[in-house]
């Protein structure tokens, strides 16, 4: 039986991984093929290994891939994959867990920067708008010890985030689909569970996948449920939070803080251009989606994705298979 | 026997604490006394409870306090106390431990802000000098998991800092006078021990008291010992680090980062005015000494200081008695 055909559409996969995959598959890289060769290859491709969604994989070309069985993402999330254009028997695998510890560390950097107002204080000293040893009202700087950490989405990032929270003496409230059985973590499910987590947490880390179910899950009503001086951290996807509702909430509640590494979509693509002047607000911290790239540098995301493709090639069920129904949104987002 | 006389020179002590102290002492507050009454009171004062050093306690007035036996500081450190002007039998008590957890949290906020370059990234997005999902070389953002945390001075802050480090999966190297026997912490003493901790750590938290022994303990040679991409965090006293040596080191080593809440002295007082333009460097983070005030808001520093005075009033040996010899520096620093 001939080896399955695997197309890699990114240059982040190292040579050694390609060699490993080559034992079980005929491996092609889109960077080595001209357009004609690519088009000729499409009908025989069994597996796609992708990072960002490649621009040549438009609907027309996808429809030529009659043999396609698996798409493995090297990005953690899969909301950049055009589910509506795929045959129903194609399996899509996320890379959940591959960036967990690095992104959890980054989430905590955002959380602490907001809790201790590091960015604001630094810029105030820099522009000579601060005095030494200001007496603080107890509101500007949040003490975390013995407070409650809410975690929305309890996968690898959420679990690693809770572990870090223990070091700070915080208790964790997890909102997730499945029951979490972990020491020091209270588990919540469903709409009511989400409201409880939001209402009782002093800091909340959003670590949900972006799906049709979670799109804009944090809107004005959810924000109103939260404590007035809570901290909301987003290292998942910008679109999980309603942009205008958040802006209004930050303006109305100066003690509330939002710290994010992820941004809203403009014409289907994540963009640093916002609909409101968030950077004028002292209770907003934003960084340019670097938590993932910092994880990529560890080599783990490629390793995890390659191992999962190897599972499939060896006849095992791959991990992280997502439910396409949850990603079938009309307004597809690039990543 | 008449009750001892206690003078409180700050308004941070709450009424309830004053009531508690009044059971065992006659309590006066300098804010309630005019100059003449104060001068009249000096010869009978047994105990001083101070926050910042009050301006009326000049040498001349101190020499009038022939009965003075104890000075209790509400600030954690005591380098603001004029040891040279005190009688040898006066006991000085620091408030070590009272701010430990809050300052340790703050140290970690600085550490993570530097490790993940939050301030730099935020300001780059704000000024539109950043692009989304930059590929990082693995140097800009430091991954902490499985790396080494150095802690200089292993008192309350150091110990709390190591506890937080465990949550991040870091191992701790402690430099201290006494041997540390704690799981997951390697203990180092002496000059050689200090050099080992500096050389092997990926991030270092300075939590030493400022004494004649520790003044400018981090100079150019010590900095040269450290890893080129290490992170140095100072939440103790600015003068522990040589200002010019640090500036030169930061300029020559862009991957090295310094994050501080504490500042150098100008004419004996901590000042935000620096001898070099630190804020022009992207690898410098500075906040205006707010870690202590954030701890003050918890009420613990006043509670701890009052409890220690109560120990003395009940005939017990107070805690946190410092060795005056270590603080007898010619150029006294205000705090």
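Chains as they are written, first to last, in the numbering used here: chain A, 1 to 335; chain B, 336 to 670.
Using N, Cα and C, we set each Cβ at its ideal position, and we do this for glycine too.
Next on the checklist: Using C-beta distances below 6 Å, list every residue in its chain close to residue 555 of chain B, excluding the 5 sequence neighbours before and after it, in chain order.
Outcome noted: 580
Next on the checklist: So for residue 157 of chain A, helix, strand or coil by DSSP?
Outcome noted: It is helical.
Checklist entry - At a CB-CB cut-off below 7 Å, which residues of chain A make contact with residue 436 of chain B? => result 145
Checklist entry - Are there 16 or more other CB atoms within 10 angstroms of the CB of residue 108 of chain A, so buried, or fewer, so exposed? => result The Cβ neighbour count for residue 108 of chain A, taken over all protein chains shown within 10 Å, is at least 16; the residue is labelled buried.
Item to check | Presumed contact (8 Å Cβ cut-off) between residue 25 of chain A and residue 313 of chain A, rounded CB distance | outcome: 6 Å
Item to check | Sequence-distant residues of the same chain with beta carbon closer than 7 Å to residue 636 of chain B, five excluded per side | outcome: Contacts found: 409, 430, 433, 434 and 630.
Checklist entry - Among B:605, B:513 and B:374, which residue has its Cα nearest to the Cα of residue 398 of chain B? => result Looking from the CA of residue 398 of chain B, the closest CA among B:605, B:513 and B:374 belongs to B:374.
Checklist entry - DSSP state of residue 506 of chain B, grouped into three classes? => result Collapsing the DSSP output to three states places residue 506 of chain B in a strand.
Checklist entry - Given a threshold of 16 other Cβ atoms within 10 Å of its Cβ, counted over all protein chains shown, does residue 333 of chain A qualify as buried or as exposed? => result A caution first: residue 333 of chain A carries a pLDDT of 48, below 50, which makes its placement in the model unreliable, though a value can still be read off. With 16 or more other Cβ atoms within 10 Å, it is buried.
Checklist entry - Should residue 17 of chain A go down as buried or exposed, given a rule of 16 or more other Cβ atoms within 10 Å for buried? => result Buried.
Checklist entry - beta strand (DSSP E) containing residue 593 of chain B: first to last residue? => result 592 to 595
Checklist entry - Which stretch, first to last residue, makes up the beta strand (DSSP E) that contains residue 540 of chain B? => result Where residue 540 of chain B is concerned, the enclosing beta strand (DSSP E) stretches over 538 to 541.
Next on the checklist: Any contact between the region 405 to 419 of chain B and the region 75 to 93 of chain A? By contact I mean 3 or more CB pairs, one from each, below 8 Å.
Outcome noted: no
Checklist entry - Using a C-beta to C-beta distance shorter than 7 Å, which residues of chain A count as neighbours of residue 575 of chain B? => result Per Cβ cutoff of 7 Å: no residues; residue 575 of chain B is ~17 Å from chain A at best.
Checklist entry - Secondary structure at residue 95 of chain A, three-state DSSP: helix, strand or coil? => result Three-state DSSP puts residue 95 of chain A in coil, outside helix and strand.
Item to check | Interface partners of residue 602 of chain B on chain A, CB under 7 Å | outcome: By Cβ distance, chain A contributes nothing, its closest Cβ being about 14 Å from residue 602 of chain B, past 7 Å.
Item to check | Inter-residue Cα distance where the pair is residue 163 of chain A and residue 500 of chain B | outcome: 11 Å
Item to check | 9 Å Cβ cutoff met for residue 541 of chain B and residue 509 of chain B | outcome: no
Checklist entry - In terms of alpha-carbon separation, which member of A:104, A:141 and A:127 lies closest to residue 438 of chain B? => result A:141
Item to check | Cα-Cα separation between residue 660 of chain B and residue 544 of chain B, rounded to whole angstroms | outcome: 14 Å
Checklist entry - How is the alpha helix (DSSP H) around residue 18 of chain A delimited, first residue to last? => result Counting along the chain, the alpha helix (DSSP H) containing residue 18 of chain A begins and ends at 15 to 22.
Item to check | For residue 464 of chain B, the three-state DSSP class (helix, strand or coil) | outcome: coil
Next on the checklist: Can you look up residue 9 of chain A in the DSSP assignment and give me helix, strand or coil?
Outcome noted: coil
Checklist entry - residue 667 of chain B by DSSP, collapsed to three states: which one? => result With a pLDDT of 47 at residue 667 of chain B, under the threshold of 50, the modelled position of that residue is not reliable, and no figure is offered here.
Next on the checklist: Please classify residue 168 of chain A as buried or exposed, where buried requires at least 16 other C-beta atoms within 10 Å of its C-beta.
Outcome noted: Its Cβ being crowded by 16 or more others within 10 Å, residue 168 of chain A is buried.
Checklist entry - Cβ of residue 490 of chain B less than 9 Å from any chain A Cβ? => result no
Checklist entry - Alpha carbon to alpha carbon, what distance is there between residue 621 of chain B and residue 605 of chain B? => result 14 Å
Next on the checklist: Short of 7 Å Cβ to Cβ, which residues in the region 103 to 116 of chain A face chain B?
Outcome noted: 105, 106, 108, 109, 110, 112, 113, 115 and 116
Checklist entry - Using a C-beta cutoff of 9 Å, does residue 126 of chain A count as contacting chain B? => result yes
Next on the checklist: Just checking: is the beta-carbon of residue 132 of chain A within a distance shorter than 9 Å of some beta-carbon in chain B?
Outcome noted: For residue 132 of chain A, at least one C-beta of chain B is nearer than 9 Å to its own C-beta.
Next on the checklist: Can you give me the C-alpha to C-alpha distance between residue 239 of chain A and residue 216 of chain A, rounded to a whole angstrom?
Outcome noted: 6 Å
Next on the checklist: Just to confirm before moving on: does the CB-CB distance between residue 450 of chain B and residue 479 of chain B stay below 9 Å?
Outcome noted: yes
Next on the checklist: My output table needs one value for residue 234 of chain A: the three-state DSSP class, helix, strand or coil.
Outcome noted: DSSP places residue 234 of chain A in strand when its eight states are reduced to three.
Next on the checklist: Looking only at its chain, what residues have a beta carbon closer than 6 Å to the beta carbon of residue 666 of chain B, apart from the 5 residues adjacent to it on each side?
Outcome noted: At residue 666 of chain B, the pLDDT of 48 sits below 50, so the modelled position is not reliable; the number obtained from the coordinates is stated separately. Excluding sequence neighbours, residue 666 of chain B sits near nothing in its chain.
Item to check | Partners in chain B for residue 167 of chain A, counting only beta-carbon separations shorter than 8 Å | outcome: 498, 499, 500, 501, 502 and 503
Item to check | Beta-carbon separation (whole angstroms), residue 645 of chain B vs residue 341 of chain B, contact threshold 8 Å | outcome: The pair is not a contact, with the Cβ atoms about 10 Å apart (cut-off 8 Å).
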